[in-house]
Amino acid sequence: MTHPRTVPFTIQTRQALAQLGTPLILATCMWLGTNAQAQPHSHSSGQTLPAATASALPWVDAEVRKVDTATGKVTLKHGPIPNLDMPGMTMVFAVPQAQVLQGLQAGDKVQVTVDKVAGQFTVQALRR
Ligand SMILES: [Cu+2]
């Protein structure tokens with residue numbers, strides 16, 4: 004006999020998870036499948052990100068102050084950012100997509116959409 008009292012609990016938990024989880028997983032997969040088909044990505048422009056969320060964010064004028072490709076960060080002197088309720092200032096943004104920083108130099112005038120992602124101010128899209 005090894006730990007007979009733990010067996011019923013485990014079975015019940017698995018049944019509960021299966022009952023709760025299966026419809027949710029199916030629904031999520033169906034939603035993702037439909038969404039992917041409805042939004043074919045265009046990679047024709049190398050300088051603007053095909054970001055699904057970017058269209059909802061306002062474009063903000065900015066000037067590049069420093070590019071750090073090693074850490075994926077860019078320092079921008081940016082204008083007011085309405086969606087973050089932020090006045091113009093110079094600050095560092097995270098840039099998850101490495102290709103956004105390619106060819107970017109201090110002094111470049113750009114436009115960006117930015118958002119707070121996982122507590123970090125992040126460039127969602129960039130155009131020159
Ligand atoms: Cu700022």
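Positions in the sequence shown are counted from 1; adding 3 to them yields my numbering. Glycine included, C-beta positions come from ideal geometry on N, C-alpha and C.
Beta carbon of residue i nearer than 8 Å to that of residue j
i      : j     : result
ASP111 : VAL67 : yes
LEU104 : ASN86 : no
VAL120 : PHE96 : no
Simplified DSSP state of residue i, which is helix, strand or coil
i      : result
ALA65  : strand
GLN102 : helix
PHE124 : strand
Residue range of the beta strand (DSSP E) that includes residue i
i      : result
ARG131 : Looking at the DSSP string, ARG131 is not in any beta strand (DSSP E), and its letter there is neither H nor E.
MET94  : 92 to 97
LEU79  : 76 to 81
GLN114 : 112 to 120
Status (buried if at least 16 other CB within 10 Å, exposed otherwise) for residue i
i      : result
ALA128 : buried
VAL98  : buried
VAL70  : buried
MET77  : Strictly speaking, residue 77 in this sequence is Val, with Met absent from that position. Looking at its Cβ environment, which holds 16 or more other Cβ atoms inside 10 Å, VAL77 is buried.
THR72  : exposed
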